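*Asks:* Take a look at this one; I'll ask things after.
In the working numbering, the protein residues as written are 4 to 72.
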């Protein structure tokens, strides 16, 4: 399963994990630490949503005070 960051569109893929960050391939999203944050922006784990075939449309993404990532 894949999980999508609504701020920067980063996608966490459970099959791939993030080996460079010590997260092994096959690590379920729910097994990530509660304080885990998006590796691309400051989004918290609880902000991620299940990834569908396409990323969120730009008008549905969260804008953090006009910051661009």
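We put the beta carbon where it would ideally sit given N, CA and C, even for glycine.
What you are looking at is a predicted structure, and each value in this text was computed from that prediction instead of being measured.
Between the C-alpha atoms of residue 43 and residue 6, what's the straight-line distance to the nearest angstrom?
*Replies:* 14 Å
*Asks:* For the beta strand (DSSP E) containing residue 5, name the first residue and the last one.
*Replies:* 5-7
*Asks:* When the Cα of residue 38 is compared with those of 47, 14, 51, which residue comes out closest?
*Replies:* Selected option, being the one with the closest Cα: 47.
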